[in-house]
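**Student:**
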Amino acid sequence: MTVPVALEVVQAGPLALVEDLGRPGQAGIGVGRSGAADRGAFALGNRLVGNRETAAAVEITLGGFEAVARGGDLWFALTGAPAPVTMGGRQGAPRTLERLRDGQSLCLGTPAYGLRSYLAVRGGLDAAAVLGSRSTDVLSGLGPAPLSVGDTIDIGTDAADFPPIDHAPAPGRGDATVVLRVVRGPRDDWVEDADALVRTSWTISDRSNRIGMRLDGGSLPPATARADQQLPSEGAYRGAVQVPPGGEPVVFLADHPVTGGYPVVAVVVDADVDVAAQARPGEEVGFRWVRP
Numbered sequence: 000m001t002v003p004v005a006l007e008v009v010q011a012g013p014l015a016l017v018e019d020l021g022r023p024g025q026a027g028i029g030v031g032r033s034g035a036a037d038r039g040a041f042a043l044g045n046r047l048v049g050n051r052e053t054a055a056a057v058e059i060t061l062g063g064f065e066a067v068a069r070g071g072d073l074w075f076a077l078t079g080a081p082a083p084v085t086m087g088g089r090q091g092a093p094r095t096l097e098r099l100r101d102g103q104s105l106c107l108g109t110p111a112y113g114l115r116s117y118l119a120v121r122g123g124l125d126a127a128a129v130l131g132s133r134s135t136d137v138l139s140g141l142g143p144a145p146l147s148v149g150d151t152i153d154i155g156t157d158a159a160d161f162p163p164i165d166h167a168p169a170p171g172r173g174d175a176t177v178v179l180r181v182v183r184g185p186r187d188d189w190v191e192d193a194d195a196l197v198r199t200s201w202t203i204s205d206r207s208n209r210i211g212m213r214l215d216g217g218s219l220p221p222a223t224a225r226a227d228q229q230l231p232s233e234g235a236y237r238g239a240v241q242v243p244p245g246g247e248p249v250v251f252l253a254d255h256p257v258t259g260g261y262p263v264v265a266v267v268v269d270a271d272v273d274v275a276a277q278a279r280p281g282e283e284v285g286f287r288w289v290r291p
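First residue of the sequence shown: 0, per numbering that gives the first Met the number 0; consecutive thereafter.
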């Protein structure tokens, strides 16, 4: 009997999850899409190792992850937040297509900037699928459990041809303040002054997670004209900027709920949701209105 090639987790760091493209089309039964928080970085990793776009990878939050190849050699790539890498006891290029030899360890340190790194392995991760996806949804609890010490993940066969490239440049840190483009939401008249969203310099709260990026540093008070009205629960969307009664906005991320009863005053442009997924607690965030 052939033993499959696998990754054995030695250290999981603050949070390491199996993610793919998620579960689209399940909102009708109360299940959100989930999937990789930074979809661009996730897709790039799969392209670098020649995987199909549906292949599952490891989403690693703030580094501290270590794994060992078991049962044979494997090819891997790292994308997203650029973390220092030690491979087989030597420092390696953090964003190059690499081979991890059987028994060798791969260690990721804490990235200098950014929040989430992606470890894509040629063939994808052969974790159990739930509703057609291997993604871990931290809100609903669907999908594989967060990775922990001693877990072994088999490597699948969800690969195509190798691409004609083997390296990807690290994303630049950019400005000190993350600026997210937003269009006006359907309920911007449910707060007294929706423009305060773009005038305020917000700070990412340490209560943020894959469900939503919570913001401190200001408030969007409810509109006095709506004081005697109740907004019914409505469908929620990735990138929606929702304002709870306390007035501090929440930007919905990958594992957001499928419905919500608080007003959505703005929606982050889809490409910038990946940017939001890489912003760390304590960093400053600003918003800029754009046309739909």
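C-beta: ideal position from N, C-alpha, C; glycine also.
This structure is a prediction, so every number in the text was calculated from the model and none was measured.
Taking Gly131 as the reference, which of Ala55, Glu233, Arg290 has the closest Cα?
**Tutor:** That would be Ala55, whose Cα lies nearest to the Cα of Gly131.
**Student:** For Val30 and Leu105, what's the separation of their Cα atoms in angstroms?
**Tutor:** Straight-line Cα distance between these residues: approximately 34 Å.
**Student:** Since I believe Ala119 is in contact with Asn45 (beta carbons under 8 Å), could you give me their beta-carbon distance rounded to a whole number of angstroms?
**Tutor:** Going by Cβ atoms, the distance from Asn45 to Ala119 rounds to 5 Å, so yes, they are a contact pair.
**Student:** For Asp150 and Phe64, what's the separation of their Cα atoms in angstroms?
**Tutor:** Taking the straight line from one Cα to the other gives about 12 Å.
**Student:** DSSP three-state label for Asn50, please.
**Tutor:** If DSSP states are grouped into helix, strand and coil, Asn50 belongs with the strands.
**Student:** Where does Gln241 land, buried or exposed, given buried means 16+ other C-beta within 10 angstroms?
**Tutor:** Burial call: buried.
**Student:** Suppose the cutoff is 6 Å on Cβ atoms and the five residues either side in sequence are ignored; what does the same chain contact list for Leu16 look like?
**Tutor:** Same-chain partners within the cutoff: Glu58, Thr135, Pro145.
**Student:** To which residues does DSSP link Tyr261 through a beta bridge?
**Tutor:** Per DSSP, none; premise fails for Tyr261.
**Student:** Does the region 176–194 come within contact of the region 262–273, defined as at least 3 CB pairs closer than 8 Å?
**Tutor:** Yes, the region 176–194 touches the region 262–273.
**Student:** Pick helix, strand or coil for Gly216, following the three-state DSSP scheme.
**Tutor:** Coil at Gly216, not helix or strand.
**Student:** Label Val148 either buried or exposed according to how many other C-beta atoms from any shown protein chain fall within 10 Å of its C-beta, with 16 as the threshold for buried.
**Tutor:** The residue is exposed, with fewer than 16 neighbouring Cβ atoms inside 10 Å.
**Student:** Give me the Cα-Cα distance between Ala222 and Leu138, rounded to the nearest whole angstrom.
**Tutor:** Approximately 30 Å, taken between the alpha carbons.
**Student:** In this structure, how does DSSP classify Leu146 when only helix, strand and coil are distinguished?
**Tutor:** Leu146: coil per DSSP, three-state reduction.
**Student:** What are the boundary residues of the beta strand (DSSP E) that Leu99 is part of?
**Tutor:** Element bounds for Leu99: 97–99.
**Student:** What distance in whole Å lies between the Cβ atoms of Arg38 and Asp273, which are believed to be in contact at a cut-off of 8 Å?
**Tutor:** Right, their Cβ atoms sit about 6 Å apart.
**Student:** So Ala275 is in the alpha helix (DSSP H); what residue range does that whole segment cover?
**Tutor:** 269–276 is the span of the alpha helix (DSSP H), which, as asked, contains Ala275.
**Student:** For Arg206, which option in Val249, Pro220, Ala195 has the closest C-alpha, if you only look at C-alpha atoms?
**Tutor:** Here the closest residue by C-alpha is Val249.
**Student:** Between which two residues does the beta strand (DSSP E) holding Leu196 run?
**Tutor:** Where Leu196 is concerned, there is no enclosing beta strand (DSSP E), although the alpha helix (DSSP H) it sits in stretches over 195–198.
**Student:** Does Phe75 come out as helix, strand or coil in the three-state DSSP assignment?
**Tutor:** Strand at Phe75.
**Student:** Quick check on DSSP: helix, strand or coil for Thr156?
**Tutor:** In this structure, Thr156 counts as coil in the three-state DSSP scheme.
**Student:** Helix or strand or just coil, what does DSSP make of Phe161?
**Tutor:** Phe161 falls in the coil class under three-state DSSP.
**Student:** Pick out whichever of Tyr112, Ala224, Ala36 has its Cα sitting closest to the Cα of Asn208.
**Tutor:** Of Tyr112, Ala224, Ala36, the residue nearest in Cα terms is Ala36.
**Student:** So what's Gly234 in DSSP terms, helix, strand or just coil?
**Tutor:** It is a strand residue.
**Student:** Hey, would you say Gly234 sits closer than 7 Å to Val266, going by beta carbons?
**Tutor:** Not a contact, by the Cβ cut-off of 7 Å.
**Student:** If you compare alpha carbons, which of Trp201, Gly79, Phe75 is closest to Met86?
**Tutor:** Measuring from the Cα of Met86, the nearest candidate turns out to be Phe75.
**Student:** By Cβ distance, which residues of its chain are closer than 8 Å to Val177, with the 5 residues on each side in sequence left out?
**Tutor:** The residues are Val274, Ala275, Ala278, Glu282, Glu283, Val284, Gly285.
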